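Read through the structure below, which is laid out as structure tokens, and then see the notes.
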Amino acid sequence: MTEEREILEALIKEVKEAAEKEAQRILEEASREAEKILKDAERRVNEVLREKIEKIRRQVRAEVSDKIALKKLKIRREYLMKKQQLLSSILNELNSQVNEIIEKNPEKYKQCLLKLVIEAALNMQSEVLLIAAAARDLDLLKEVLPKAEQVLSEKYSRRVKLIVDNNTIDAIGGIVARDQEGREYFNNTIEARLRRARDEVLPALLTKLLE
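In terms of the numbering used here, the sequence shown opens at residue 1025 and continues consecutively.
Here it is, written out as structure tokens:
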């Protein structure tokens, strides 16, 4: 989780400035539009006969209110679009970095697999777990499981037997853990981790940055 947070924080730092500038531009545009609407309204009021001024003023105020409401709605839509664009950009960058680690830094990816296996085991109750991975990761997984059992036992007092699942998975990386009876299942693939980041972590961070 520390590595993921470091990646997220670095990416958020890079996009924050652009996001703030874009949000400021949108707000300034809305302010100019609102000012223009109000000036137009005042000119209309001054052009009418005195006895109709109050009636026209009420009409204009209602019209201005509607236009400002529409402008606010437009700003909200643009804000949500920009937020989604930033979210997609961050996820794409994360995906690229993960692929690069898997392909170019097997030792680092091996440590990542170890952490994913341990996390899955700590979230499950069974004493025997089948651990599935992508076909290309099976050799690494076989190296990782004994170490994972050791860490679970010594650090977490969790005694569990970890077995390589013969059923490989179609994933960028990571693992899927299940018990032998099929009652427990924990998806800790890279895709699942990115989905959790997309749905839980990143939206909250971006909302805070764009406020």
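Virtual Cβ for every residue (Gly too), placed ideally from N, Cα, C.
Every value quoted in this text rests on a predicted model; they were computed, and no experiment measured them.
{"Check": "Of the listed residues Leu1164, Ser1113, Ala1145, Gln1109, nearest to Asn1129 (C-alpha basis)", "Outcome": "Leu1164"}
{"Check": "Whole-Å CB distance - Ala1201 paired with Ile1155, under 8 Å assumed", "Outcome": "5 Å"}
{"Check": "Extent of the continuous beta strand (DSSP E) run through Val1184", "Outcome": "Where Val1184 is concerned, there is no enclosing beta strand (DSSP E), given that its DSSP letter is neither H nor E."}
{"Check": "Lys1037 versus Ile1114, Cys1136, Gly1197, residue with shortest Cα-Cα distance", "Outcome": "Ile1114"}
{"Check": "Option nearest Leu1162 by Cα separation, candidates Ile1187, Ser1150, Arg1081, Leu1176", "Outcome": "Ile1187"}
{"Check": "Reference Tyr1209, options Pro1170, Val1141, Glu1124, closest by Cα", "Outcome": "Val1141"}
{"Check": "Terminal residues of the beta strand (DSSP E) in which Ile1142 lies", "Outcome": "Note, Ile1142: premise wrong, no beta strand (DSSP E); alpha helix (DSSP H) at 1130–1146."}
{"Check": "Residue interval of the beta strand (DSSP E) (run including Ala1201)", "Outcome": "1198–1203"}
{"Check": "Which of helix, strand or coil DSSP assigns to Ala1158", "Outcome": "coil"}
{"Check": "Length of the line joining the Cα atoms of Leu1153 and Ser1120", "Outcome": "30 Å"}
{"Check": "Where the alpha helix (DSSP H) containing Arg1219 begins and where it ends", "Outcome": "1214–1220"}
{"Check": "Cβ distance (whole Å) where Leu1138 is taken to contact Val1184 below 8 Å", "Outcome": "Wrong, their Cβ atoms sit about 14 Å apart, outside the cutoff."}
{"Check": "Per DSSP, the bridge partner or partners of Asn1211", "Outcome": "Val1200"}
{"Check": "Classification of Gly1206 by the beta-carbon crowding that lies within 10 angstroms, buried from 16 upward", "Outcome": "exposed"}
{"Check": "Distance between beta carbons of Ala1158 and Thr1192, contact taken as under 8 Å", "Outcome": "6 Å"}
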